Amino acid sequence: WDNSPPESLWGALKVARIHGKKFATQREAKDEIVDWINFYNARRQHSTLGYVSSMNFEKNWLAKQQ
1 WDNSPPESLW
11 GALKVARIHG
21 KKFATQREAK
31 DEIVDWINFY
41 NARRQHSTLG
51 YVSSMNFEKN
61 WLAKQQ
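In the UniProt record's numbering, the protein residues as written are 1 to 66.
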(Lines of atoms letter the chains of each structure in order from A and count residues from 1; the text may use other names and numbers.)
(Lines give C-alpha, C1' and ligand atoms only; values in the text may rest on other atoms or scores of the structure.)
Protein backbone atom coordinates (compact mmCIF):
# COMPACT_ATOMS: atom_id res chain seq x y z
CA TRP A 1 0.00 0.00 0.00
CA ASP A 2 2.74 2.45 0.84
CA ASN A 3 4.32 2.07 -2.59
CA SER A 4 1.18 2.53 -4.66
CA PRO A 5 1.69 6.22 -5.64
CA PRO A 6 5.29 5.78 -6.88
CA GLU A 7 4.41 2.49 -8.56
CA SER A 8 1.56 4.22 -10.37
CA LEU A 9 3.87 7.02 -11.54
CA TRP A 10 6.56 4.65 -12.81
CA GLY A 11 3.96 2.35 -14.37
CA ALA A 12 2.46 5.26 -16.30
CA LEU A 13 5.94 6.34 -17.40
CA LYS A 14 6.78 2.86 -18.66
CA VAL A 15 3.56 2.52 -20.63
CA ALA A 16 3.57 6.04 -22.09
CA ARG A 17 7.22 6.61 -22.86
CA ILE A 18 9.55 3.67 -22.31
CA HIS A 19 7.93 0.31 -23.05
CA GLY A 20 9.49 -1.25 -26.12
CA LYS A 21 11.67 1.77 -26.83
CA LYS A 22 15.42 1.49 -27.22
CA PHE A 23 17.58 4.46 -26.32
CA ALA A 24 20.92 5.10 -27.98
CA THR A 25 22.44 6.58 -24.82
CA GLN A 26 21.74 6.86 -21.12
CA ARG A 27 21.40 10.61 -21.63
CA GLU A 28 18.60 10.07 -24.14
CA ALA A 29 16.78 7.82 -21.66
CA LYS A 30 17.28 10.33 -18.84
CA ASP A 31 15.97 13.20 -20.98
CA GLU A 32 12.85 11.16 -21.81
CA ILE A 33 12.23 10.45 -18.12
CA VAL A 34 12.76 14.08 -17.07
CA ASP A 35 10.40 15.24 -19.83
CA TRP A 36 7.75 12.78 -18.62
CA ILE A 37 8.08 13.89 -14.97
CA ASN A 38 7.77 17.54 -16.01
CA PHE A 39 4.62 16.71 -17.98
CA TYR A 40 3.21 14.62 -15.12
CA ASN A 41 3.68 17.37 -12.55
CA ALA A 42 3.08 20.52 -14.57
CA ARG A 43 0.50 19.67 -17.21
CA ARG A 44 -1.21 16.30 -16.61
CA GLN A 45 -4.65 16.72 -15.08
CA HIS A 46 -5.37 14.50 -12.08
CA SER A 47 -8.95 13.45 -11.42
CA THR A 48 -8.35 13.21 -7.67
CA LEU A 49 -7.19 16.84 -7.64
CA GLY A 50 -10.26 18.22 -9.39
CA TYR A 51 -8.76 17.87 -12.87
CA VAL A 52 -5.87 20.26 -12.36
CA SER A 53 -2.17 19.50 -12.52
CA SER A 54 -0.24 18.67 -9.36
CA MET A 55 1.68 21.92 -9.67
CA ASN A 56 -1.46 24.06 -10.05
CA PHE A 57 -3.14 22.25 -7.19
CA GLU A 58 -0.20 23.01 -4.92
CA LYS A 59 -0.08 26.67 -6.03
CA ASN A 60 -3.80 27.06 -5.33
CA TRP A 61 -3.50 25.34 -1.96
CA LEU A 62 -0.57 27.55 -0.91
CA ALA A 63 -2.43 30.70 -1.99
CA LYS A 64 -5.39 29.72 0.21
CA GLN A 65 -3.09 29.25 3.21
CA GLN A 66 -1.94 32.87 3.16
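A virtual CB, placed ideally from N, CA and C, is assigned to each residue, including glycine.
Computed from a predicted model, the values in this text were never measured in an experiment.
In the same chain as R44, and ignoring 5 residues on each side of it, the C-beta atoms closer than 8 Å to its own belong to S53, S54, in chain order. Note on geometry: alpha-carbon atoms of W61 and A12 lie some 25 Å from one another.
Within its own chain, the residues whose Cβ lies closer than 6 Å to the Cβ of E32, once the five positions on either side in sequence are excluded, are R17, listed in chain order. DSSP places K64 in the uninterrupted alpha helix (DSSP H) bounded by 54-65. With a cutoff of 8 Å on beta-carbon distance, F39 and L49 are scored as not near each other.
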